[in-house]
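Chains as they are written, first to last, in the numbering used here: chain E, 176 to 423; chain R, 1212 to 1406.
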């Protein structure tokens, strides 16, 4: 192993410890449970793999890829966290946003279906590319919807979304390049861990303290009620006037 | 093969996009709407609340009068009036900064948890904003308001950030203590005005 690999491993562990401390201190577990579940899984996985690696255990090879595939699948937990925080249950936009979001995912599933059942490259690479692409498209859809409907994102949600987008997009490029030419595999095998470090750095900075989405200004309910009753009275008066005009 | 090349390019583009998105991250917001509402209830900030300050520094109507009517004296009168109004607004903004700084010091005296570093930061920000305000007032008095709208907007957002900092500190005061604090602040302000 090269020095770069050791640096990557140790800085990754240090960043994970730092993020765990911040997430605990800012009580983000309570605010972002789905994000926290992914992060805790990654944290436990990294330390288990680190100790297995340090002990030269054969179990390292056995559990590395299955746990990586589960981790990639858990990216959807972050996508869901970003969605549910951007369009919370009491938001009137939630239904519209959910319909568009599901529509985009169905479209993506159709593209996967039309691309045929044959595998391009290794099955693990194929799985990683497809999960990465689905996550990237989902995050971009949510960010696009938020921008379209003028929903402001807080620093926490922004960091989560951009961090996972950076990781997912690097996986798409990484696993495509690995299957394209085995000769460039050594170079690209470093990209994944470095993208993971980048994601952790983004999360450490943006999740340093609890910074939720700004709440929209509450509508003036009494004024709306007053306007509605005024309109209803006028509407009733118009009916009476028309009836009088038709039948004098 | 084509699919892999397409995905490689797409992945690289998305990665670059995420790096670009990082540059546009929303600023840190450590104030709550409740704290800002409480702050605006306790302190009156007419300079900061004045929404039309930008108009004072725009020269479009001055140019329009010169171009369409050719009456230089009227245009010059407009410029003088704008300068007077801009200076008046800047004075008001300065008063707001002093009020915010006094209020921030009161919060420290009141026992809001803070650190020496935080206090030094507050003092540094207040001095910087006041220094810039003084400079802008001198420039506006000498050269008129029309060339300084960018600077004025920058200083106004600086004062807004300063007030948000005060709001964040006020957010650490328990809600049940706010009425007492407000009353104490009013009594101090009355004493300050009468002295």
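All C-beta atoms, glycine included, are put in the ideal place defined by N, C-alpha and C. Keep in mind that this is a model prediction, so the values were computed, not measured.
Under three-state DSSP, which class holds residue i?
{"i": "residue 1262 of chain R", "result": "coil"}
{"i": "residue 1332 of chain R", "result": "helix"}
{"i": "residue 263 of chain E", "result": "coil"}
{"i": "residue 1367 of chain R", "result": "helix"}
{"i": "residue 1213 of chain R", "result": "helix"}
{"i": "residue 1388 of chain R", "result": "helix"}
{"i": "residue 297 of chain E", "result": "coil"}
{"i": "residue 386 of chain E", "result": "coil"}
{"i": "residue 1309 of chain R", "result": "helix"}
{"i": "residue 292 of chain E", "result": "coil"}
{"i": "residue 1358 of chain R", "result": "coil"}
{"i": "residue 208 of chain E", "result": "helix"}
{"i": "residue 202 of chain E", "result": "coil"}
{"i": "residue 356 of chain E", "result": "coil"}
{"i": "residue 1393 of chain R", "result": "helix"}
{"i": "residue 365 of chain E", "result": "coil"}
{"i": "residue 231 of chain E", "result": "coil"}
{"i": "residue 284 of chain E", "result": "helix"}
{"i": "residue 226 of chain E", "result": "helix"}
{"i": "residue 331 of chain E", "result": "helix"}
{"i": "residue 1284 of chain R", "result": "helix"}
{"i": "residue 1279 of chain R", "result": "helix"}
{"i": "residue 349 of chain E", "result": "helix"}
By the criterion of Cβ-Cβ separation under 9 Å, what are the contact partners of residue i in chain E?
{"i": "residue 1222 of chain R", "result": "304, 307, 308, 311, 343, 344, 345, 346, 347, 348, 349, 350, 351, 352"}
Roughly how far, in whole angstroms, is the beta-carbon of residue i from the beta-carbon of residue j, given that I think they are within contact range, below 8 Å?
{"i": "residue 375 of chain E", "j": "residue 187 of chain E", "result": "7 Å"}
{"i": "residue 1228 of chain R", "j": "residue 348 of chain E", "result": "At roughly 12 Å, the Cβ-Cβ gap does not stay under 8 Å, so residue 1228 of chain R and residue 348 of chain E are not in contact."}
{"i": "residue 1348 of chain R", "j": "residue 1298 of chain R", "result": "6 Å"}
{"i": "residue 366 of chain E", "j": "residue 360 of chain E", "result": "Contact flag wrong, Cβ pair sits at about 11 Å."}
{"i": "residue 1259 of chain R", "j": "residue 1371 of chain R", "result": "7 Å"}
Give the interface partners of residue i over in chain E, defined as CB-CB distance under 7 Å, in chain order.
{"i": "residue 1226 of chain R", "result": "341, 344, 345, 348"}
{"i": "residue 1229 of chain R", "result": "337, 340, 341, 344"}
List the residues of chain R that residue i touches, going by C-beta distances under 9 Å, in chain order.
{"i": "residue 406 of chain E", "result": "Going along chain R, no residue has its Cβ under 9 Å from residue 406 of chain E, so there is no contact; the nearest lies around 30 Å."}
{"i": "residue 183 of chain E", "result": "In chain order: nothing, as chain R lies at least about 17 Å away."}
When you compare only the Cα positions, how much space is there between residue i and residue j?
{"i": "residue 405 of chain E", "j": "residue 415 of chain E", "result": "16 Å"}
{"i": "residue 209 of chain E", "j": "residue 1405 of chain R", "result": "57 Å"}
{"i": "residue 1280 of chain R", "j": "residue 1356 of chain R", "result": "22 Å"}
{"i": "residue 1293 of chain R", "j": "residue 1308 of chain R", "result": "22 Å"}
{"i": "residue 362 of chain E", "j": "residue 302 of chain E", "result": "21 Å"}
{"i": "residue 295 of chain E", "j": "residue 244 of chain E", "result": "18 Å"}
{"i": "residue 373 of chain E", "j": "residue 1324 of chain R", "result": "34 Å"}
{"i": "residue 1266 of chain R", "j": "residue 310 of chain E", "result": "46 Å"}
{"i": "residue 215 of chain E", "j": "residue 269 of chain E", "result": "28 Å"}
{"i": "residue 1338 of chain R", "j": "residue 328 of chain E", "result": "32 Å"}
{"i": "residue 1301 of chain R", "j": "residue 1354 of chain R", "result": "15 Å"}
{"i": "residue 383 of chain E", "j": "residue 1363 of chain R", "result": "32 Å"}
{"i": "residue 412 of chain E", "j": "residue 403 of chain E", "result": "14 Å"}
{"i": "residue 1378 of chain R", "j": "residue 251 of chain E", "result": "36 Å"}
{"i": "residue 369 of chain E", "j": "residue 183 of chain E", "result": "7 Å"}
{"i": "residue 1382 of chain R", "j": "residue 1218 of chain R", "result": "48 Å"}
Name the chain E residues whose beta carbon is nearer than 8 Å to that of residue i?
{"i": "residue 1236 of chain R", "result": "330, 333, 334, 337, 381"}
Please compile the residues from chain R whose C-beta is within a distance smaller than 8 Å of the C-beta of residue i.
{"i": "residue 377 of chain E", "result": "1233"}
{"i": "residue 355 of chain E", "result": "1212, 1215, 1216, 1219"}
Which residues of chain R have a Cβ atom closer than 7 Å to the Cβ of residue i, listed in chain order?
{"i": "residue 295 of chain E", "result": "1214, 1215"}
Touch test, the region 1225-1237 of chain R against the region 340-347 of chain E, Cβ-Cβ under 8 Å, three pairs minimum
Here the region 1225-1237 of chain R lies against the region 340-347 of chain E, with 3 or more beta-carbon pairs under 8 Å apart.
Pairing CB atoms from the region 378-385 of chain E with CB atoms from the region 188-205 of chain E, are three or more of them under 8 Å?
With the cut-off at 8 Å, the region 378-385 of chain E and the region 188-205 of chain E touch.
Counting Cβ pairs, one atom from each stretch, are 3 or more of them under 8 Å apart for the region 213-225 of chain E and the region 281-289 of chain E?
At 8 Å Cβ cutoff, the stretches do not touch.
Would the region 1354-1368 of chain R count as touching the region 1319-1333 of chain R if we require 3 or more Cβ pairs under 8 Å?
Under the 8 Å Cβ criterion, the region 1354-1368 of chain R does not count as touching the region 1319-1333 of chain R, having fewer than three qualifying pairs.
Inter-stretch contact (C-beta, 8 Å, three-pair minimum) for the region 251-265 of chain E and the region 319-328 of chain E:
Because the criterion of three Cβ pairs below 8 Å is met, the region 251-265 of chain E and the region 319-328 of chain E touch.
Please determine if the region 1377-1394 of chain R and the region 1340-1347 of chain R are in contact, where contact requires at least 3 C-beta pairs separated by less than 8 Å.
Not touching, per the Cβ criterion.
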